[in-house]
Amino acid sequence: MGSSDPPPALDLDGARALLAAAGHGPDNPLQVRLWTYGNRPELPTLGTAVQAMLRDAGIDAQIQIGEYSAQEPELLAGRYDMYLLSRSYLTDVPDAGAALQSDYTCAGSYNLNHYCSPAFDALISTLDATTDPAARQDIFRAAARMLVDDVVGVPLVHSQENVVTSGVAGYTLDPLAKRLVTPQLAVTG
863 MGSSDPPPAL
873 DLDGARALLA
883 AAGHGPDNPL
893 QVRLWTYGNR
903 PELPTLGTAV
913 QAMLRDAGID
923 AQIQIGEYSA
933 QEPELLAGRY
943 DMYLLSRSYL
953 TDVPDAGAAL
963 QSDYTCAGSY
973 NLNHYCSPAF
983 DALISTLDAT
993 TDPAARQDIF
1003 RAAARMLVDD
1013 VVGVPLVHSQ
1023 ENVVTSGVAG
1033 YTLDPLAKRL
1043 VTPQLAVTG
């Protein structure tokens, strides 16, 4: 999973053939709106890169930059073509259950992908009665595999910022962001 999975092979000819089969080509390109917002400065820049990649495949993507708060109702209602966002979970909890439920179940409160799979929902529902950490990890792995196999959203990048002041001792960087607060962490100032 994750970075251990190789990215899909680039197949522009295959993409163009699928578009042609759907009635799109150089004289009638598929047109989509690629929404994003500007208060994360990397998103419009990333949108330009995605726009160029889509153009190479024969898709005309028009970037629309707005305010997230104004766009969110449209996103939740499914009234968008493509959306480029930065997902923040507000807290760093090493258990993925809540995020999987809210973002990917049929009734999830933040299911921007509008993904609905009864099999996925059934898998996630087993988390309520599963307390063994190893068993939960097995469920998370199976859920992640389903999301990858069903191509639910396209994760592009992951950024992480860590800030430590001189008044903190014992901080160690965890590249997986699973252990940010450890027994060795202490406030010294």
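In this text, residue positions in the sequence shown follow the numbering used here: the first is 863, and each later residue adds one.
For every residue, glycine included, the Cβ atom is placed at its ideal position computed from N, Cα and C.
Worksheet entry | Cβ-Cβ distance between GLY909 and ALA877 below 9 angstroms | Counted from its first residue, the sequence shown places residue 909 at position 47. Counted from its first residue, the sequence shown places residue 877 at position 15. No, they are not a contact pair.
Worksheet item: Quick one: complete beta strand (DSSP E) runs, 3+ long, within the segment 899-962?
Response: 921-928
Worksheet item: What's the C-alpha gap between SER948 and ASN901?
Response: Along the sequence shown, read from residue 1 onward, the residue named residue 948 stands at position 86. Along the sequence shown, read from residue 1 onward, the residue named residue 901 stands at position 39. The straight-line gap from Cα to Cα measures roughly 10 angstroms.
Fill in: Residues sharing a beta bridge with ALA1031, DSSP
Numbered from 1 along the sequence shown, position 169 holds the residue referred to as residue 1031. In the DSSP output, where bridge partners are listed per residue, ALA1031 has ALA1048.
Worksheet item: With C-beta atoms as the reference, is GLN924 less than 9 angstroms away from THR898?
Response: As a working mapping, residue 924 is identified with position 62 in the sequence shown. As a working mapping, residue 898 is identified with position 36 in the sequence shown. The answer is no: Cβ separation not under 9 angstroms.
Worksheet item: According to DSSP, is MET863 helix, strand or coil?
Response: As a working note, residue 863 is residue 1 in the sequence shown. Confidence at MET863 is low in this model, with a pLDDT of 40, below 50, so its placement is unreliable and the value that follows should be read with caution. Residue state, collapsed to three classes: coil.
Worksheet item: Would you call the CB atoms of LEU985 and ALA1005 closer than 9 angstroms?
Response: If you number the sequence shown from 1, residue 985 lands on position 123. If you number the sequence shown from 1, residue 1005 lands on position 143. Yes, the pair counts as a contact, with Cβ atoms nearer than the cut-off.
Worksheet item: Buried or exposed: LEU1035, going by 16 or more other Cβ atoms within 10 Å of its Cβ?
Response: For the purposes of this step, residue 1035 is taken as residue 173 along the sequence shown, with counting starting at 1. By the 10 Å Cβ count, LEU1035 comes out exposed.
Discussion item. My output table needs one value for VAL1025: the three-state DSSP class, helix, strand or coil.
Written reply: Locating residue 1025 in the sequence shown gives position 163, counting from the first residue. The answer is coil: DSSP assigns VAL1025 none of H, G, I, E or B.
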